[in-house]
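Enquirer: In this note's numbering, the protein residues as written are 44 to 273. Beta carbons are placed, not taken as given, at the ideal position from N, Cα and C, and that holds for glycine. Here the structure is a predicted model, which is why all the values come from computation and not from measurement.
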Ligand code: DX5
Ligand code: ZN
């Protein structure tokens, strides 16, 4: 996984057919996805439950590119090894999930995986100031985590700008998660984001047997994000 700031679309399989993850991952990659975003929820840190490391390991052979695992779980440290072993390229944990997030980032990097730090909408950019030299990705949540299909929270665009300026020349991705569609994508891309997660806006209208709408949806988000009009 080499670093660059070019725009990447990362469909979230939270909006896929849960009985068909392997085929869904193959379909979105064929249709132009850059990364595959995997949402892990525990019913404790967030009010919803999805799946764990065994499912990630089962999905892995169906993904050629980057497997991006977003952990919405607490506690988190005791599960890092299992998610690293499942074949994740990036593991992202929440700054709100533990009082010892610095240790968590150390543990992710020690597992040989790229380390991501996620911030809920109420969490200020300053909360990650002392983590920037130990992370590979900052995930700015533009909805409250737990569910797909929610409305983009516009106050987060300013936070993206702040984080972009804090990062400076460091090789750190800025990822946006929640409510990304062709309307909101240009706002965050213009503020400095390079990885756009999108669930409902990618999977809407398509299926494994009719994957062309996935491609059209991905192209529409990408085209909107790289346009200069905001
Ligand atoms: C929310 C998840 C997101 C979600 C995005 O807790 O982390 O990845 O799937 O879904 P949309 O794009 O529908 O807002
Ligand atoms: Zn996510």
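Which residues end up in the neighbourhood of the ligand ZN when you take C-beta atoms closer than 5 Å to any of its heavy atoms?
Expert: 82, 113 and 220
Enquirer: With contact counted as at least three CB pairs below 8 Å, one residue from each stretch, are the segment 153-173 and the segment 128-139 in contact?
Expert: In short, these stretches touch, since the Cβ pair count reaches three.
Enquirer: Out of 218, 256 and 227, which one is the CA nearest neighbour of residue 49?
Expert: Position 6 of the chain shown, counting from 1, holds the residue named residue 49. For residue 49, the nearest C-alpha among the options comes from 218.
Enquirer: Would you say the segment 167-180 touches the segment 200-213, given that touching needs at least three Cβ pairs under 8 Å?
Expert: Segments in contact, yes.
Enquirer: Where are the beta strand (DSSP E) runs, 3 residues long or more, that stay fully inside the segment 119-159, in chain order?
Expert: Counting whole runs of 3 or more residues, the segment 119-159 contains the beta strand (DSSP E) stretches 133-137.
Enquirer: Excluding the 5 residues preceding and the 5 following residue 176 in the sequence, name in chain order all residues of the same chain whose CB lies nearer than 8 Å to its CB.
Expert: Counting from 1 along the chain shown, the entry for residue 176 is found at position 133. Result list for residue 176: 213, in chain order.
Enquirer: Can you tell me where the beta strand (DSSP E) holding residue 181 begins and where it ends?
Expert: As a position in the chain shown, residue 181 is number 138, starting the count at 1. Counting along the chain, the beta strand (DSSP E) containing residue 181 begins and ends at 180-184.
Enquirer: Whose CA, out of 227, 254 and 251, lies closest to the CA of residue 241?
Expert: Here residue 241 refers to the residue found at position 198 of the chain shown. It is 227 whose Cα lies nearest to the Cα of residue 241.
Enquirer: Can you tell me whether DSSP reads residue 83 as helix, strand or coil?
Expert: Counting from one through the chain shown, the residue named residue 83 turns up at place 40. Residue 83 falls in the strand class under three-state DSSP.
Enquirer: Which residues does DSSP pair with residue 218 in a beta bridge?
Expert: Indexing the chain shown from 1 puts residue 218 at position 175. Answer is 182 and 238.
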